[in-house]
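Heads up: the structure comes next, in structure tokens.
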Amino acid sequence: MRAAEREEQQRAVVAAGSGSAGRKRRQLMMSSLAQRIGRARLRLVAWLPTAAGGRERGDVPGWVMITLMTAVLVVIIWGIASDQLRQLLTSAFDKISNQSNAGP
64 MRAAEREEQQ RAVVAAGSGS AGRKRRQLMM SSLAQRIGRA RLRLVAWLPT
114 AAGGRERGDV PGWVMITLMT AVLVVIIWGI ASDQLRQLLT SAFDKISNQS
164 NAGP
């Protein structure tokens with residue numbers, strides 16, 4: 064908001080009188096806040112496409128590749144160390160269940 068607009072709003076509050084000055088001031092502040100939020104939202108919407116490089120679809124091939132590579136790594140690791148992983152998970156679950164059965 065420009066300084067001239069602020070001064071004009073302040074003059075309007077003072078001219079309204081002391082009885083309704085607080086109410087007027089709150090209304091003006093809320094109106095000003097709504098205007099600022101609206102302008103910030105418009106700036107954000109205008110900025111987003113430029114921040115993403117102008118592409119709207121995102122980087123789908125990159126995410127597909129990362130997902131496939133992660134799945135392949137999980138299969139390889141599970142194939143190599145399935146017995147050890149099963150034993151590790153079983154002992155961890157047993158410890159948790161023993162602690163919950165013991166109670167406070």
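64 is the number of the first residue of the sequence shown in my numbering; add one for each residue after it.
We treat Cβ as the ideally placed atom computed from N, Cα and C, and that holds for glycine.
Keep in mind that this is a model prediction, so the values were computed, not measured.
* Between the CA atoms of G85 and E70 - distance to the nearest angstrom -> Each residue's alpha carbon lies about 16 Å from the other.
* Asked: Going straight from the alpha carbon of V108 to that of G101, what length do you get?
  -> Pairing V108 with G101, the inter-Cα distance amounts to about 11 Å.
* Asked: What is the DSSP secondary structure of S83, counted as helix, strand or coil?
  -> Residue state, collapsed to three classes: coil.
* According to DSSP, is R65 helix, strand or coil? -> Residue state, collapsed to three classes: coil.
* Asked: Thinking C-beta only, is L148 closer than 9 Å to I140?
  -> In contact: I140 and L148 (Cβ atoms closer than 9 Å).
* Start and end residues, alpha helix (DSSP H) containing D146 -> Per DSSP, the unbroken alpha helix (DSSP H) holding D146 starts and ends at V123 to A165.
* Asked: Alpha carbon to alpha carbon, what distance is there between L91 and L105?
  -> A direct Cα-to-Cα measurement between L105 and L91 gives close to 21 Å.
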